[in-house]
Amino acid sequence: MNRQIVKLFAFIVALFAVLVGFTSYWSVFDAKALKEKNANKRPLLEQQQIERGRILTADGTVIARSVPKGRGEALRYVRRYPEGSLFGHPIGYSFVKEGDSEFEQFHNDELVGNESEFSSILDELRGRAQEGDDIVTNLDSEAQRVALADLEEAGFGAVVAIEPRSGRVKVMASNVPFDPNRVPYELEKLNSNETETPLLNRATQGRYPPGSTFKVVTAAAGLDSGTITPETTIDAPGTLDIQGQPLQNDFDEDFGPISLDTALTNSVNTWFAQLGEQVGQDTLFEYMDKFGFNSKPAIDLPSDQVLPSGILEGNALLGRNDPIDIARVAIGQERLLATPLQMAEVAAAVANGGTLMKPQIWSRVVDPDGRVTKRLDPSEYSQPISQETAEELNAAMQGVVNEGTGTNAEIPGITVAGKTGTAETPYNESCGGGSEENQAWFMGFAPAEDPKIAIAASVECTEQFGNDVAAPIFRDVAETILDGE
Amino acid sequence: MSARNRELMALVPVALLLTAGFAAVFAQENAKLDDASLVYGAYFFAVCLATHFYLRIRLPNADPYLFPMVALLMAFGLVMVYRIDADLARDQANWFVLGLVLFAATIHFLRDYDVLERYRYTIAVAGLLLLLAPRLPGIGQQVNGAYLGVKLGPLAFQPAEFSKICLVVFLASYLREHREVLIVGARRVLGVTLPPLKHFGPMLVVWGASMFMLVFIRDLGSSLMFFAAFLALLYVATGRFSFVVIGMAMFLVGAWFFASTVPHVHDRVEIWLDPYAHPQESGYQILQSIFAQADGGLFGKGFGQGLITIPGTDNALLPAAQTDTIYSLIVNELGLFGACAVVSIYLLFSARGFKIALLADDGFSKLLATGLTAVFAIQAFVIIGGVTRVIPLTGVTLPFISYGGSSIVANFVLLALLLLVSDRARREAAVR
């Protein structure tokens with residue numbers, strides 16, 4: 000019988016090996032997938048027992064913090080947003096039942112203090128409970144307040160302000176805003192509000208026709224590729240026939256042969272349309288790519304909550320070989336759409352001597368003991384244009400504010416460079432279908448000689464022009480930021 | 000070193016481990032070290048020591064590792080159950096002591112365990128009656144659609160735990176006597192070796208009756224356990240693998256039959272195949288069991304850190320954490336490593352049990368040790384396999400770890416029998 004007993008034991012060993020195998024599968028190999036299962040509330044329940052770290056503005060204002068509820072075993076933390084709707088975008092929300100969004104979602108690991116399994120073991124041996132780290136953002140609470148207040152007066156839209164040298168995002172405001180404190184009570188309502196779409200961060204997900212602001216990109220491509228110099232003149236008639244359709248200047252004004260300065264100051268459509276054709280589709284695409292178009296922005300927000308800018312057919316980006324009316328792209332029309340964040344990046348690149356820095360919302364992570372555990376250093380995204388080109392564009396953009404279409408952006412005692420944009424969006428369903436609706440833009444930077452801030456402001460569904468509604472927002476936000484320095 | 004001294008040496012770290020375990024739980028609950036852990040550790044060590052001295056006198060040659068391994072499992076169980084609910088742990092500690100009393104009594108009264116052979120039919124009938132008891136009006140209890148418990152005044156217990164020992168004793172004794180005829184009398188029919196019905200019959204009756212009872216009381220876990228133990232013994236006694244194959248075939252037919260006719264069985268299988276179909280209702284326990292394991296990772300969350308109820312409520316996040324799903328809680332809090340340790344202890348226990356069977360001289364001792372060890376190992380497999388979704392989840396206890404008096408006491412009787420066999424085997428082996 001002994002032989003059978005040994006075999007029986009071997010069988011038992013095999014059975015137990017299966018147990019170890021299954022346990023390993025559930026606890027290690029398949030663990031990640033299991034934690035993401037909808038039916039699995041365990042990770043969320045555990046997370047709410049951790050005191051989530053705070054989110055702060057650069058000036059120390061608390062944007063989000065966690066408050067304890069209950070005691071002992073029932074202790075859990077609930078998220079509070081003391082500033083209400085001011086930072087609903089881009090911070091988002093985080094609740095156990097409703098989930099999370101935007102910055103709160105992207106930085107979940109730091110905020111709950113997740114570490115590698117090994118270092119959490121060390122913490123456990125030292126008897127430390129898991130605590131979340133604080134994150135200090137680059138946001139400027141005063142400027143954000145001004146931006147949102149101006150937007151609420153002007154209409155739906157967004158404002159993005161970036162420090163050109165570092166890429167630090169100082170303002171990201173989106174109207175209609177939402178109050179994250181209300182999310183546990185009215186998420187359904189916020190989600191189903193299709194006219195105001197308060198949960199949509201228009202700064203990163205609102206794609207609008209950029210209109211004349213895009214002429215800066217066209218000019219950048221023309222100058223930098225050597226197609227033109229600042230002195231090159233192009234004859235700009237009142238109207239041009241492009242692909243069988245007339246392309247006109249405002250009031251069909253005939254400018255005759257003019258150079259870049261005059262063309263940009265007066266936002267001459269026929270001039271830029273011809274420049275676009277001279278530059279060509281390939282080269283224009285090349286420069287668009289370098290400015291950040293055609294790919295998702297390199298910003299620390301969840302990738303499903305940011306959108307790329309570019310020429311769109313439906314939701315698909317068109318490429319450099321697709322049939323496109325490049326003359327109209329050059330003046331910001333055709334099927335070209337851009338987010339306010341993208342246009343702020345264009346302004347920032349020009350302001351920074353042609354170097355585009357990655358836009359960064361946060362600057363450092365601070366652990367509960369006050370030690371800085373992570374620091375986000377400024378990092379270069381690309382070098383779309385040379386310093387020389389940037390200086391030439393800078394000069395031309397100053398003309399726009401001094402004597403051209405963007406005079407409302409003027410700040411007393413400070414030189415401002417910028418560009419207006421007014422894209423006609425008549426019969427747009429989301430604007431209620433009116434025939435006079437525009438998308439109004441202003442993008443620019445100040446002070447022009449030593450740019451401290453680059454801003455893009457965009458307002459939807461307005462009957463006014465970029466200089467009327469968007470330029471004043473630029474001015475107010477820029478003034479607030481420059482005053483604070 | 001003599002066997003008993005080795006046992007003593009092994010008990011010291013077990014007691015220290017229990018002390019450390021309690022200290023960890025206290026530290027987690029009150030954020031401080033508590034002297035109570037030392038007191039509990041001392042009590043535990045005292046009880047183990049008393050048992051050890053008893054063994055020193057009564058069974059000096061018995062296997063030195065089995066009792067320390069059981070003490071280790073008990074220590075594991077006591078700490079885990081304490082961490083779930085201190086009151087439950089008090090019960091558990093009482094049962095531990097009660098179990099040891101029965102353990103001592105078994106050793107005292109069954110020193111000559113051959114006597115069991117003489118009463119094998121009585122024992123078989125007793126085992127069957129025990130299984131029937133939960134369905135008897137007045138004393139039977141229904142829990143979760145199964146009739147597992149018996150309540151006699153203040154005394155409540157699960158008779159299947161004791162019944163499994165009765166069945167093993169009966170099978171071991173019957174097979175010892177009839178194994179020769181079963182082998183010699185086997186005939187080949189259509190290429191399959193069949194056992195002779197005349198000698199196979201009585202055993203089939205007892206076994207069939209017990210299987211029927213188990214379905215009748217809807218204790219699927221135990222029926223699986225009984226069946227596996229039966230096949231294991233049959234295989235060891237006859238050496239005919241074909242018998243096992245026939246048995247498996249019968250089992251599959253039976254399982255299919257019951258799965259399609261008995262709703263309770265059918266549900267269990269459905270849940271096993273697709274727990275996500277009703278994640279909040281029928282699939283909740285197995286899913287939460289697996290989610291708890293997923294959360295444990297390699298090293299676990301630490302004693303007392305896992306969630307058992309939904310915070311702020313009394314709703315279970317891990318249902319039946321102190322009984323059925325205690326293994327999942329171990330994975331959750333002690334990680335894959337802790338769980339492997341537990342599985343290893345059961346495996347080592349089986350190794351020692353089968354070693355006893357190998358050493359034993361006479362057929363009955365061999366079969367008895369084999370049967371007891373097999374039923375013990377398979378019980379561990381059935382519940383661990385259940386909560387890890389290897390097989391459908393059925394409610395049996397994790398031996399010596401799960402909360403539950405019947406299981407602890409019955410398994411101490413099982414241990415006593417194993418040690419009795421071991422003592423004689425090793426004594427005779429030494430003489431040889």
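Top line first, the protein sequences correspond to chains L and R.
With numbering that gives the first Met the number 0 as the guide, the letters of the first sequence map in order to residues 0 to 484.
With numbering that gives the first Met the number 0 as the guide, the letters of the second sequence map in order to residues 0 to 431.
From the three backbone atoms N, C-alpha and C, an ideal C-beta is built for every residue, glycine too.
Note that this is a predicted model, so its numbers are computed, not measured.
Residue interval of the beta strand (DSSP E) (run including residue i)
| i | result |
| --- | --- |
| ILE257 (chain L) | 255-257 |
| ILE134 (chain L) | 133-136 |
| PRO307 (chain L) | Taken as a continuous stretch (DSSP letters only), PRO307 (chain L) belongs to no beta strand (DSSP E), as it is neither H nor E. |
| TYR380 (chain L) | 379-381 |
| ALA276 (chain R) | ALA276 (chain R) -> no beta strand (DSSP E), and no H or E assigned at all. |
| VAL374 (chain R) | It is not in any beta strand (DSSP E) - VAL374 (chain R) instead sits in the alpha helix (DSSP H) that spans 362-386. |
Coarse secondary structure for residue i, derived from DSSP in three states
| i | result |
| --- | --- |
| ALA347 (chain L) | helix |
| LEU135 (chain R) | coil |
| ASP75 (chain L) | The question names Asp, but residue 75 (chain L) is Arg in the sequence shown. Note: ARG75 (chain L) maps to strand in three-state DSSP. |
| ASN466 (chain L) | helix |
| GLN533 (chain L) | Given a span of 0 to 484 for chain L in the structure shown, any question on residue 533 (chain L) remains unanswerable. |
| THR432 (chain R) | Within the shown structure, residues of chain R are numbered from 0 to 431, placing residue 432 (chain R) beyond reach of any answer. |
| PHE156 (chain R) | strand |
| LYS163 (chain R) | helix |
| LEU511 (chain L) | Nothing can be reported for residue 511 (chain L), as the shown portion of chain L is limited to 0 through 484. |
| GLU50 (chain L) | strand |
| LEU127 (chain R) | helix |
| ASP99 (chain L) | strand |
| ASP34 (chain R) | coil |
| MET356 (chain L) | strand |
| GLU423 (chain L) | strand |
| LEU340 (chain L) | helix |
Buried versus exposed, by CB contacts within 10 Å (16 or more), residue i
| i | result |
| --- | --- |
| LYS357 (chain L) | buried |
| ILE438 (chain L) | Here residue 438 (chain L) turns out to be Gln, not Ile, going by the sequence shown. By the 10 Å Cβ count, GLN438 (chain L) comes out buried. |
| LYS300 (chain R) | buried |
| ALA477 (chain L) | buried |
| ARG374 (chain L) | exposed |
| HIS51 (chain R) | buried |
| MET8 (chain R) | exposed |
| ASN174 (chain L) | buried |
| LEU247 (chain R) | The sequence given here places Met at residue 247 (chain R); Leu does not occur at that position. Exposed, by the Cβ-count rule. |
| VAL135 (chain L) | buried |
| VAL374 (chain R) | buried |
| ARG2 (chain L) | exposed |
| TYR76 (chain L) | buried |
Beta carbon of residue i nearer than 9 Å to that of residue j
| i | j | result |
| --- | --- | --- |
| VAL205 (chain R) | ALA123 (chain R) | yes |
| ALA38 (chain L) | GLY98 (chain R) | no |
| ALA447 (chain L) | VAL415 (chain L) | yes |
| VAL168 (chain L) | ILE62 (chain L) | no |
| PHE284 (chain L) | SER308 (chain L) | no |
| LEU311 (chain L) | LEU340 (chain L) | no |
| ARG217 (chain R) | HIS265 (chain R) | no |
| THR419 (chain L) | TRP440 (chain L) | yes |
| ILE106 (chain R) | TYR173 (chain R) | no |
| LEU317 (chain R) | GLY305 (chain R) | yes |
| ILE442 (chain R) | LEU328 (chain R) | This structure gives no information on residue 442 (chain R), because the portion of chain R shown stretches from 0 to 431. |
| ALA356 (chain R) | LYS365 (chain R) | yes |
| SER191 (chain L) | THR232 (chain L) | no |
| ALA389 (chain L) | ALA350 (chain L) | yes |
| ALA208 (chain R) | LEU115 (chain R) | no |
| THR421 (chain L) | ARG206 (chain L) | no |
| GLN292 (chain R) | ASN331 (chain R) | yes |
| GLU179 (chain R) | ASN410 (chain R) | no |
Inter-residue CB distance, residue i and residue j (contact presumed, cutoff 8 Å)
| i | j | result |
| --- | --- | --- |
| SER266 (chain L) | SER211 (chain L) | 5 Å |
| LYS163 (chain R) | MET224 (chain R) | 6 Å |
| LEU392 (chain R) | LEU65 (chain R) | 29 Å between Cβ atoms; not a contact. |
Residue i: first and last residue of the uninterrupted alpha helix (DSSP H) it sits in
| i | result |
| --- | --- |
| GLY76 (chain R) | 65-83 |
| VAL159 (chain L) | Segment 156-161 is the beta strand (DSSP E) holding VAL159 (chain L); no alpha helix (DSSP H) there. |
| TRP440 (chain L) | Element bounds for TRP440 (chain L): not the alpha helix (DSSP H) but the beta strand (DSSP E), 437-445. |
| SER469 (chain R) | The shown model of chain R, from 0 to 431, leaves out residue 469 (chain R), and the question about it has no answer. |
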